[in-house]
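Colleague: Top line first, the protein sequences correspond to chains P and A. For the first sequence, UniProt numbering assigns the number 1 to the initial residue and increments by one for each residue that follows. For the second sequence, UniProt numbering assigns the number 1 to the initial residue and increments by one for each residue that follows. Here's a structure for you.
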Amino acid sequence: MKTFLRILGALVIVGVVALLAFIFWPVSRSAPQQVAASAPEPAEHGEYAMRLADCAACHTAEGGEPFAGGRPIESPVGTIYSANITPDSETGIGGWTLAEFRGALIDGLDDEGHHLYPAMPYTNYRGLTETDIAGLHHYFIEDLEPVRNDVPANDLPFPFDQRWGLRAWKWVAMPDVGFVSGAASDDQIERGAYLVEGPGHCGACHSPRNTLFVQDGYTADDAGFLTGGVIAGWTAPALRGEDSAIAGWTAEEVAQILGTGRNAHAAINGEMALVVEDSTQYFTEDDMTAMSRYLVRLDDNGAETAQTQETPSGGLAERLSDDPATETERILASADPGMPEGARLYLDNCGACHFVDGKGADEVFPELDGSSIVQAGEPTGLISMILHGGALPSTEARPYALRMPGFADRLSDEEVATLATFLRSAWNNEASGAVEAGAVADMRSEEGG
Amino acid sequence: MARTDTKRDVVIVGLGWTGAIAGIELAKEGLDILALERGPDRSTVPDFKYPDVIDELRFGIRYGYMQRPKKSTLTIRRSLDEEAMPYRRLGSFLPGDGVGGAGIHWNGQTWRPQAQEYRLRSYVEETFGADAIPEDMTIQDWGVTAEELEPYYDRFEYMAGISGQAGVVNGETIEGGNPFEPNRSRDYPLPPLAQQPDSLHFADVARQMGYHPFPRPAANASAPHVNEYGMQLGPCNYCGFCARYGCLNYSKSSPQTCVLDALKRYENFKYRVNSEVLRVNLAEDGQTATGVTYWDAEAEEEVTQPADIVILAAYSIHNVHLMLLSGIGEPYNPQTGTGTTGKNYSYQMNGGTTMFFNDRQFNPFVAAGSSGMSINDFGMEQIDYAAEGFIGGSYMTCGHSNGQPIRGIAVPEGTPNWGAGWKQAVGEHYGHSTSLGSHGSNMSYRDCYLDLDPTYTDPHGRPLLRLTFDWKDNDICMTQFMRQRIEEIVEAMEPDSWQSSYKEDGATYDVRPYQTTHNVGGAIMGENPQTSSINRFQQAWGQHNVFVLGASSFPQNIQYNPTGAVGALAYWTTDAIVNQYLPNPGPLV
Numbered sequence: 001m002k003t004f005l006r007i008l009g010a011l012v013i014v015g016v017v018a019l020l021a022f023i024f025w026p027v028s029r030s031a032p033q034q035v036a037a038s039a040p041e042p043a044e045h046g047e048y049a050m051r052l053a054d055c056a057a058c059h060t061a062e063g064g065e066p067f068a069g070g071r072p073i074e075s076p077v078g079t080i081y082s083a084n085i086t087p088d089s090e091t092g093i094g095g096w097t098l099a100e101f102r103g104a105l106i107d108g109l110d111d112e113g114h115h116l117y118p119a120m121p122y123t124n125y126r127g128l129t130e131t132d133i134a135g136l137h138h139y140f141i142e143d144l145e146p147v148r149n150d151v152p153a154n155d156l157p158f159p160f161d162q163r164w165g166l167r168a169w170k171w172v173a174m175p176d177v178g179f180v181s182g183a184a185s186d187d188q189i190e191r192g193a194y195l196v197e198g199p200g201h202c203g204a205c206h207s208p209r210n211t212l213f214v215q216d217g218y219t220a221d222d223a224g225f226l227t228g229g230v231i232a233g234w235t236a237p238a239l240r241g242e243d244s245a246i247a248g249w250t251a252e253e254v255a256q257i258l259g260t261g262r263n264a265h266a267a268i269n270g271e272m273a274l275v276v277e278d279s280t281q282y283f284t285e286d287d288m289t290a291m292s293r294y295l296v297r298l299d300d301n302g303a304e305t306a307q308t309q310e311t312p313s314g315g316l317a318e319r320l321s322d323d324p325a326t327e328t329e330r331i332l333a334s335a336d337p338g339m340p341e342g343a344r345l346y347l348d349n350c351g352a353c354h355f356v357d358g359k360g361a362d363e364v365f366p367e368l369d370g371s372s373i374v375q376a377g378e379p380t381g382l383i384s385m386i387l388h389g390g391a392l393p394s395t396e397a398r399p400y401a402l403r404m405p406g407f408a409d410r411l412s413d414e415e416v417a418t419l420a421t422f423l424r425s426a427w428n429n430e431a432s433g434a435v436e437a438g439a440v441a442d443m444r445s446e447e448g449g
Numbered sequence: 001m002a003r004t005d006t007k008r009d010v011v012i013v014g015l016g017w018t019g020a021i022a023g024i025e026l027a028k029e030g031l032d033i034l035a036l037e038r039g040p041d042r043s044t045v046p047d048f049k050y051p052d053v054i055d056e057l058r059f060g061i062r063y064g065y066m067q068r069p070k071k072s073t074l075t076i077r078r079s080l081d082e083e084a085m086p087y088r089r090l091g092s093f094l095p096g097d098g099v100g101g102a103g104i105h106w107n108g109q110t111w112r113p114q115a116q117e118y119r120l121r122s123y124v125e126e127t128f129g130a131d132a133i134p135e136d137m138t139i140q141d142w143g144v145t146a147e148e149l150e151p152y153y154d155r156f157e158y159m160a161g162i163s164g165q166a167g168v169v170n171g172e173t174i175e176g177g178n179p180f181e182p183n184r185s186r187d188y189p190l191p192p193l194a195q196q197p198d199s200l201h202f203a204d205v206a207r208q209m210g211y212h213p214f215p216r217p218a219a220n221a222s223a224p225h226v227n228e229y230g231m232q233l234g235p236c237n238y239c240g241f242c243a244r245y246g247c248l249n250y251s252k253s254s255p256q257t258c259v260l261d262a263l264k265r266y267e268n269f270k271y272r273v274n275s276e277v278l279r280v281n282l283a284e285d286g287q288t289a290t291g292v293t294y295w296d297a298e299a300e301e302e303v304t305q306p307a308d309i310v311i312l313a314a315y316s317i318h319n320v321h322l323m324l325l326s327g328i329g330e331p332y333n334p335q336t337g338t339g340t341t342g343k344n345y346s347y348q349m350n351g352g353t354t355m356f357f358n359d360r361q362f363n364p365f366v367a368a369g370s371s372g373m374s375i376n377d378f379g380m381e382q383i384d385y386a387a388e389g390f391i392g393g394s395y396m397t398c399g400h401s402n403g404q405p406i407r408g409i410a411v412p413e414g415t416p417n418w419g420a421g422w423k424q425a426v427g428e429h430y431g432h433s434t435s436l437g438s439h440g441s442n443m444s445y446r447d448c449y450l451d452l453d454p455t456y457t458d459p460h461g462r463p464l465l466r467l468t469f470d471w472k473d474n475d476i477c478m479t480q481f482m483r484q485r486i487e488e489i490v491e492a493m494e495p496d497s498w499q500s501s502y503k504e505d506g507a508t509y510d511v512r513p514y515q516t517t518h519n520v521g522g523a524i525m526g527e528n529p530q531t532s533s534i535n536r537f538q539q540a541w542g543q544h545n546v547f548v549l550g551a552s553s554f555p556q557n558i559q560y561n562p563t564g565a566v567g568a569l570a571y572w573t574t575d576a577i578v579n580q581y582l583p584n585p586g587p588l589v
């Protein structure tokens, strides 16, 4: 009995020591990598590095000062508020050394060694080059004016409010430091891989996450990487595989939507609008080409040359075909008053812009036939668009913040559900499952994008 | 209460087509600009949102987008010895207000005047002799030529995404276009709109008669378009809600669809709505403007806004009103013919014939504001003024611009206005009627002009503008000539019945029925400071830092809808400001 108690006592002590060690053992930051020989000066490169890493989208609150933080980020465990990353010494990151700054980007640690929540995509930023890290550090510490802004405390329940627990999460989630050069066939695609996997942190939204919120892969070699994710209830579409939102698109078309928020097929909406507005529209032509070529080649080596289906040009009159390509188009063009309610709702509300063939018009009215938002696993985005509409980002090349109006004031929950259900299997669309009126009712009160 | 704001490089009065063009062209130069718009802000969503905007009662009948006479109107009389009365109910013409101005609620008909229209007096004197011009007719040359303006028309048409078929490109006549148009450097940016069966029937008949039908040039996009500012139009869906409505479909060219979001990206450009400019302030010596004073409706106070350049870009009659109130130019005196501000107001002489076909089915609900086929065989350069005894010309168009239920249904004369008889006639004729109309010039006359009313004032205590205007024999003669030509064509189109409506001998100006919102002149451009208000660059003769944009510049009205010329002149003037005035501020002539 005494022996047993002694062993038990020892185990308790070991356990407590281990727990204390887990909590209090100093964290260590990763060592710097090699700096490329031809690296630009941080002072020259900083702002562009900030655009590449899209810091603005999360670190600027709606209507707030740029980079002063406070933007609420919904996570599965509660709301996290982005940090003030202006060089204000009390409320921001004033005085952070390059090593401390690097620690935040690639180790997920603040200047005092506390763990950062993975709302900060440091698992993706682990691939950042020293050049980009130094540029970012220079931009945020030297270039930017400090803004005093206390951000709200995170709204997280126990035990998620205990940052020390993230040490274990990181053991599971963290990939290796540094961009791992793949087997890309040319330097440009290699650059594209770096941009997407590293600073662009596209995987953070566009890859699935497991129950521990760990991203399913960080490079093109990982099968789950960029196969679609869910962010705040919206589907971030897959960028590869069978359901890829960019299937059949040319690299030019991918570049166009990232540069302007719109192309012949689709229009950017939701969270992605911020990415275009704050980040991708500023990419150099070379980087945009690199990124786009990398993305279209994710599926196979031939995608770059894929021929996309031409959007019918011309106006309404030319588009009323005597020989409709799909049953949906035939029903809509028939203008038969007895057509199913979903089709009738489409004709009465949507057809003027999106046309009976569901093909819209280049860069103005997005295609609904083949649309990723229409066929997304979660119909949240589609319901939200019908109820509240959406606006395109205003970009240098395409300044028009084209808005789709919302139809919340015109359509009942049942009608929206019927219309959404119709759209999901109209033309060549193949999303399964009916949209329920209850799901519409839940979203009716939410604000549109 | 009153305040004075910090000085700007440029203040623009009115944010419609010309204000938006001047705004973006000068914003590019880095100038610090403030545009003042007396009406509210407007954008496609939410203001022109489907289906709210296609409400004929609210916008077509009750003029939802037009200025309220209670807030701003003018007085009207027909002759020097009548007492002018306030225009209390909109009728004859419909000035707009709000961001986008009349550019949001036009039909979109976009033309280039014929070359001789810019030098009308010289052309008539050279060709037909000075005696051909009646004594009281005060037509003048504009001081610009079609060749000079061609690049600026081209720019406006490509900016606005006009759908049409060119007739004359680099000296070559193109089959299917208007062979009488002035030479152009390239085709329209978009192909012509699709045409309805009534227009096509007219075109067939006109062709057989030796005329030259062509699709009416349209600011209703026939296909997607991206302009020089990266702004975009979507293809028109032919809903037929153009004039009096904002376009729900991003298809009608307007400041909103073609300029404003690009302009708003310039941090050096700002605009204020609900800010009505009360007067332009002049320096003590009167040689320059120092800025403007406006009423800030939100703060409920007068604001003095100093500026180095003042651009008047309000509606034509409001430009003239502000000039008269501010002492820009000498007010025109119809007795002596001296003075220039308010001189040569002119209008538009239109008429038409409505045809009813029992066996032909048209679908008037499928239409665009500028759909239709036109001929210009009786244009101003095609008519022998000496032989016909009038100066003028017109283009003719057959087609529908809408099939709206309240105003869009033609019934034969004699049909009751209500009840069973009316219903029966509507049932019989809806979709079976069409019209062939003449859209014609209107000359300027010694006693058709604008000045300040001696009696009535506006809510700010300023005298109202007074319009003195009546129809004249010359223009009635013109429209009667057109009537004869049209009725010949109508008979060849073989309708079951038809009825004509043209101004006849002795017709006087009636402000009640809608005629057209093509009010021009009053601040006319020209070559001589004694006879014009502004020089060929639309710069005030007396105040070199004041520029006046819009149809107020026309010395007499053209045979066409004015927007094409207004847009081209806006580009012409902003180009002169950027390349000549800014490097060396002073009179450009």
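Heads up, the beta-carbon is just placed ideally off N, CA and C, and yes, glycines get one too.
For T75(A), which residues in the same chain have their Cβ closer than 8 Å to its Cβ, ignoring the five residues on either side in sequence?
Modeller: Against the second sequence, residue 75(A) aligns to sequence position 75. So the list reads A84, M85, P86, Y87, D453, T455, Y456, L464, L465, R466 and L467, once near-sequence residues are dropped.
Colleague: Report the option in P146(P), L387(P), R297(P) and E378(P) whose CA atom is closest to the CA atom of W234(P).
Modeller: The residue given as residue 234(P) occupies position 234 in the first sequence. Out of P146(P), L387(P), R297(P) and E378(P), E378(P) has the C-alpha closest to the C-alpha of W234(P).
Colleague: Which runs of the alpha helix (DSSP H) fall wholly inside the segment 251 to 297 of chain A and span at least 4 residues, in chain order?
Modeller: Within the segment 251 to 297 of chain A, the complete alpha helix (DSSP H) runs of at least 4 residues are 261 to 264.
Colleague: Taking DSSP as the reference, what is the three-state secondary structure of F202(A)?
Modeller: Here residue 202(A) refers to the residue found at position 202 of the second sequence. DSSP places F202(A) in helix when its eight states are reduced to three.
Colleague: My output table needs one value for C239(A): the three-state DSSP class, helix, strand or coil.
Modeller: Residue numbering aside, residue 239(A) sits at position 239 when the second sequence is read from its first letter. Three-state result, C239(A): strand.
Colleague: Taking buried to mean at least 16 other C-beta atoms within 10 Å of its own C-beta, is M1(A) buried or exposed?
Modeller: Position 1 of the second sequence, counting from 1, holds the residue named residue 1(A). Its Cβ having fewer than 16 others within 10 Å, M1(A) is exposed.
Colleague: Between G135(P), N124(P) and A266(P), which has its C-alpha nearest G203(P)'s C-alpha?
Modeller: Taking the first residue of the first sequence as 1, we reach residue 203(P) at position 203. When each option's Cα is compared against that of G203(P), the closest is N124(P).
Colleague: Just the Cα atoms here: how many angstroms apart are P405(P) and N249(A)?
Modeller: In the first sequence, the residue the question calls residue 405(P) occupies position 405. In the second sequence, the residue the question calls residue 249(A) occupies position 249. Roughly 11 Å between the two C-alpha positions.
Colleague: Can you list the alpha helix (DSSP H) stretches of 4 or more residues lying completely in the segment 138 to 171 of chain A, in chain order?
Modeller: 146 to 160, all fully within the segment 138 to 171 of chain A.
Colleague: At 7 Å on the CB atoms, spell out the chain A contacts of Y282(P), in chain order.
Modeller: Sequence index remark: in the first sequence, residue 282(P) carries index 282 (1-based). Within chain A, no residue comes near Y282(P); the closest Cβ sits about 14 Å away, beyond 7 Å.
Colleague: Taking only the alpha-carbon atoms, compute the straight-line gap between E527(A) and A289(A) and give it to the nearest angstrom.
Modeller: For the purposes of this step, residue 527(A) is identified with residue 527 of the second sequence, where counting begins at 1. For the purposes of this step, residue 289(A) is identified with residue 289 of the second sequence, where counting begins at 1. Rounded to the nearest angstrom, the two C-alpha atoms are 22 Å apart.
Colleague: Looking at the C-beta of D362(P), does it have a partner C-beta in chain A at a distance below 8 Å?
Modeller: Within the first sequence, numbered from 1, the residue matching residue 362(P) stands at position 362. Taking Cβ atoms only, chain A reaches closer than 8 Å to D362(P), which makes this a yes.
Colleague: Determine the chain A residues that contact S279(P) at a beta-carbon separation under 9 Å, and present them in chain order.
Modeller: For the purposes of this step, residue 279(P) is identified with residue 279 of the first sequence, where counting begins at 1. Neighbours of S279(P) on chain A: none; closest Cβ ~17 Å, over 9 Å.
Colleague: Suppose only complete runs of 4+ residues qualify. What are the alpha helix (DSSP H) ranges in the segment 20 to 94 of chain A, listed by chain order?
Modeller: Segments of the alpha helix (DSSP H) lying fully in the segment 20 to 94 of chain A: 44 to 47.
Colleague: Only counting the same chain, and skipping five residues up and downstream in sequence, which positions put a Cβ closer than 6 Å to that of I141(P)?
Modeller: Sequence index remark: in the first sequence, residue 141(P) carries index 141 (1-based). Excluding sequence neighbours, I141(P) sits near P87.
Colleague: For V10(A), which of helix, strand or coil comes out of DSSP?
Modeller: On the second sequence, residue 10(A) is found 10 positions in, with the first residue counted as 1. Correct three-state label for V10(A): strand.
Colleague: Could you say which of T395(P), P26(P) and H388(P) lies nearest to L274(P) if we only look at CA atoms?
Modeller: Looking up residue 274(P) in the first sequence gives position 274. Checked all of T395(P), P26(P) and H388(P); the closest Cα to L274(P) is T395(P).
Colleague: Report yes or no: is there a C-beta of chain A within less than 8 Å of the C-beta of L402(P)?
Modeller: Walking along the first sequence from the start, residue 402(P) turns up at place 402. Judged by the 8 Å Cβ criterion, L402(P) is in contact with chain A.
Colleague: What does V45(A) touch in chain P if you count any residue whose Cβ is under 9 Å from its own?
Modeller: As a working mapping, residue 45(A) is identified with position 45 in the second sequence. Those within 9 Å of V45(A) in chain P are G389, A391, L402, R403, M404, P405 and G406.
Colleague: 8 Å is my cut-off, CB to CB: does D55(A) come that close to chain P?
Modeller: Stepping through the second sequence from its first residue, residue 55(A) is reached at position 55. Answer no: the Cβ-Cβ gap between D55(A) and chain P never drops below 8 Å.
Colleague: Using C-beta distances below 7 Å, list every residue in its chain close to R485(A), excluding the 5 sequence neighbours before and after it, in chain order.
Modeller: On the second sequence, residue 485(A) is found 485 positions in, with the first residue counted as 1. These residues qualify, in order along the chain: F378.
Colleague: With 8 Å set as the bound, which would you pick, yes or no: does the beta-carbon of C353(P) sit closer than that to a beta-carbon of chain A?
Modeller: Working through the first sequence from its first residue, we reach residue 353(P) at position 353. Yes, because at least one Cβ of chain A sits closer than 8 Å to the Cβ of C353(P).
Colleague: With respect to the alpha helix (DSSP H) encompassing R51(P), which residues constitute its N-terminal and C-terminal limits?
Modeller: Position 51 of the first sequence, counted from the first residue, corresponds to residue 51(P). Note, R51(P): alpha helix (DSSP H), P42 to A53.
Colleague: When you compare only the Cα positions, how much space is there between L80(A) and G103(A)?
Modeller: Here residue 80(A) corresponds to residue number 80 of the second sequence, with the count starting at 1. Here residue 103(A) corresponds to residue number 103 of the second sequence, with the count starting at 1. Their Cα atoms are separated by approximately 33 Å.
Colleague: Given a threshold of 16 other Cβ atoms within 10 Å of its Cβ, counted over all protein chains shown, does D451(A) qualify as buried or as exposed?
Modeller: If you number the second sequence from 1, residue 451(A) lands on position 451. When all chains shown are included, D451(A) counts as buried.
Colleague: Go through the segment 201 to 255 of chain P residue by residue and report every complete run of the beta strand (DSSP E) that reaches 3 residues or more, in order.
Modeller: Counting only runs of 3 or more, we get 229 to 231 and 234 to 236.
Colleague: Given a limit of 7 Å on CB to CB distance, which residues of the segment 263 to 281 of chain A reach chain P?
Modeller: So the list reads R265, given in the order they occur along the chain.
Colleague: Give the DSSP-derived three-state secondary structure of T305(P) in the structure shown.
Modeller: Residue 305(P) sits at position 305 when you count from the first residue of the first sequence. Its pLDDT being 47, under 50, T305(P) is placed unreliably in this model, and the value from its coordinates should be taken loosely. Looking at T305(P) - three-state DSSP - the assignment turns out to be helix.
Colleague: In terms of alpha-carbon separation, which member of N274(A), N333(A), D131(A) and A367(A) lies closest to A218(A)?
Modeller: Numbered from its first residue, the second sequence carries residue 218(A) at position 218. For A218(A), the nearest C-alpha among the options comes from A367(A).
Colleague: At what residues does the beta strand (DSSP E) containing V303(A) begin and finish?
Modeller: Here residue 303(A) corresponds to residue number 303 of the second sequence, with the count starting at 1. That run of the beta strand (DSSP E) goes E301 to L312.
Colleague: Any beta carbon from chain P within less than 8 Å of M231(A)'s own beta carbon?
Modeller: On the second sequence, position 231 is the one that residue 231(A) refers to. Chain P contact via Cβ: present.
Colleague: Inspect the beta-carbon positions of A245(P) and S372(P) and report whether they are closer than 8 Å.
Modeller: Position 245 of the first sequence, counted from the start, is the residue given in the question as residue 245(P). Position 372 of the first sequence, counted from the start, is the residue given in the question as residue 372(P). Cβ distance < 8 Å, so A245(P) and S372(P) count as in contact.
Colleague: Would you say P399(P) faces chain A, with C-beta separation under 8 Å as the test?
Modeller: The residue labelled residue 399(P) in the question sits at position 399 within the first sequence. It does; some Cβ of chain A falls within 8 Å.
Colleague: For S394(P), return the contacting residues in chain A, with the cut-off set at a CB-CB distance below 9 Å.
Modeller: One-based indexing of the first sequence puts residue 394(P) at position 394. Chain A residues near S394(P): D261, A262, K264 and R265.
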